[in-house]
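> In this note's numbering, the protein residues as written are 125 to 369.
Glycine included, C-beta positions come from ideal geometry on N, C-alpha and C.
These numbers come from a predicted model, not from an experiment.
Here you go, one structure.
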């Protein structure tokens, strides 16, 4: 089954119109909260916030990726391993699994509601204070943008290579002379060099990396409201954690 990553859901919603930096700040705050207070109450509050956000953003259920069966089998094996250790160990494993899924969902919410071309300018704006001490913020932002844009290409190229390998005769794959791993590594390097050359030429034709980190937008009043909602959810999560001890 094909899984599409980092693709914006084509909708018009208040969440889509938020500044990309606001979403990055929100995900960072939620991640810190989960690390500081990884309790069921905190996970529940953040999960509720993500569900409400997905509803407001009109994200369809079909946008949620469907992991392959072997991933669920690994989770099941992990849970069974913890059974002899007691019920608390199983709950701890389940909490860790849900913790990972919530973090993944928060990150994917950015991909569903944000164009990848808006990430680099937002990162450059957020890192602007670091430029005062001489750090290469624009170069970092351009690197982030190129990585995000290259990831779907890399995944697609890997799928093509795996599909091509499957088309080889089984007699060749099972023979001692099979060098499929070496062939895959060589093909990967060749594709990476070709893609890098094409991307470099495209960036140069469009004015260089400075255009990637241009600052076309800034936070507005809806962004302040969104951050306030996230702060309230974080405060509620901390309060619930303290109250439940």
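(1) How many Å lie between residue 204 and residue 163 at the Cα?
(2) Look up residue 188 in the DSSP assignment and say whether it is helix, strand or coil.
(3) Would you tell me roughly how many angstroms separate the C-alpha atoms of residue 244 and residue 271, rounded to the nearest one?
(4) What residue range is occupied by the uninterrupted alpha helix (DSSP H) comprising residue 365?
(5) Roughly how many whole angstroms lie between the Cα atoms of residue 166 and residue 320?
(6) For residue 238, which option in 362, 134 and 348 has the closest C-alpha, if you only look at C-alpha atoms?
(7) Rounded to whole angstroms, how far is the Cβ of residue 236 from the Cβ of residue 183, which I believe are closer than 8 Å?
(8) Would you mind stating whether residue 142 and residue 350 have Cβ atoms separated by less than 8 Å?
(9) If you compare alpha carbons, which of 147, 137, 261 and 159 is closest to residue 365?
(10) Check residue 181 in the structure and name its three-state DSSP category.
(11) Can you list, in chain order, the residues of its chain whose CB lies under 6 Å from that of residue 357, leaving out five sequence neighbours each side?
(12) Under the three-state reduction of DSSP, which class applies to residue 241: helix, strand or coil?
(13) Does DSSP put residue 219 in a helix, a strand or coil?
(14) Rounding to the nearest angstrom, what Cα-Cα distance links residue 361 and residue 157 in this structure?
(15) When DSSP labels each residue in this structure, what does residue 163 get in the three-state scheme?
(16) Tell me the rounded alpha-carbon separation between residue 300 and residue 318.
(17) Can you list, in chain order, the residues of its chain whose CB lies under 7 Å from that of residue 209, leaving out five sequence neighbours each side?
(18) With respect to the alpha helix (DSSP H) encompassing residue 264, which residues constitute its N-terminal and C-terminal limits?
(19) Between which two residues does the alpha helix (DSSP H) carrying residue 193 extend?
If we stick to the structure as given:
(1) Within the chain shown, residue 204 is the residue found at index 80, counting from 1. Within the chain shown, residue 163 is the residue found at index 39, counting from 1. Their backbone Cα atoms lie some 22 Å apart in a straight line.
(2) Counting from one through the chain shown, the residue named residue 188 turns up at place 64. Here residue 188 sits in coil by DSSP.
(3) Here residue 244 refers to the residue found at position 120 of the chain shown. Here residue 271 refers to the residue found at position 147 of the chain shown. Those two C-alpha atoms are separated by around 10 Å.
(4) By one-based count along the chain shown, residue 365 stands at place 241. Taken as a continuous stretch (DSSP letters only), the alpha helix (DSSP H) holding residue 365 covers 345-368.
(5) The residue you call residue 166 lines up with position 42 of the chain shown. The residue you call residue 320 lines up with position 196 of the chain shown. Approximately 42 Å between the Cα atoms of the pair.
(6) Within the chain shown, the letter at position 114 stands for residue 238. Comparing Cα positions, the closest option is 134.
(7) Indexing the chain shown from 1 puts residue 236 at position 112. Indexing the chain shown from 1 puts residue 183 at position 59. That belief holds up - the Cβ atoms of residue 236 and residue 183 are roughly 5 Å apart, short of 8 Å.
(8) Residue mapping note: residue 142 aligns to position 18 of the chain shown, counting from 1. Residue mapping note: residue 350 aligns to position 226 of the chain shown, counting from 1. A contact, by the Cβ cut-off of 8 Å.
(9) Looking up residue 365 in the chain shown gives position 241. Residue 365 has its Cα closest to that of 159, out of 147, 137, 261 and 159.
(10) Working through the chain shown from its first residue, we reach residue 181 at position 57. It is coil, neither helix nor strand.
(11) Position 233 of the chain shown holds residue 357. Correct list, in chain order: 169 and 173.
(12) Numbered from its first residue, the chain shown carries residue 241 at position 117. Three-state DSSP puts residue 241 in a helix.
(13) Residue 219 sits at position 95 when you count from the first residue of the chain shown. The answer is helix: DSSP assigns residue 219 an H, G or I state.
(14) Position 237 of the chain shown, counted from the first residue, corresponds to residue 361. Position 33 of the chain shown, counted from the first residue, corresponds to residue 157. Their Cα atoms are separated by approximately 8 Å.
(15) For the purposes of this step, residue 163 is identified with residue 39 of the chain shown, where counting begins at 1. Note: residue 163 maps to coil in three-state DSSP.
(16) Reading the chain shown from its first residue, position 176 is the one you call residue 300. Reading the chain shown from its first residue, position 194 is the one you call residue 318. Bear in mind that the predicted position of residue 300 carries a pLDDT of just 49, short of 50, making it unreliable; the figure below should be weighed with that in mind. Cα-Cα distance, rounded: 31 Å.
(17) Stepping through the chain shown from its first residue, residue 209 is reached at position 85. No residues qualify anywhere along the chain.
(18) Start at 1 with the first residue of the chain shown, and residue 264 comes out as number 140. It spans 261-290 - the alpha helix (DSSP H) in which residue 264 sits, taken as one unbroken run.
(19) For the purposes of this step, residue 193 is taken as the residue at position 69 of the chain shown. That run of the alpha helix (DSSP H) goes 193-206.
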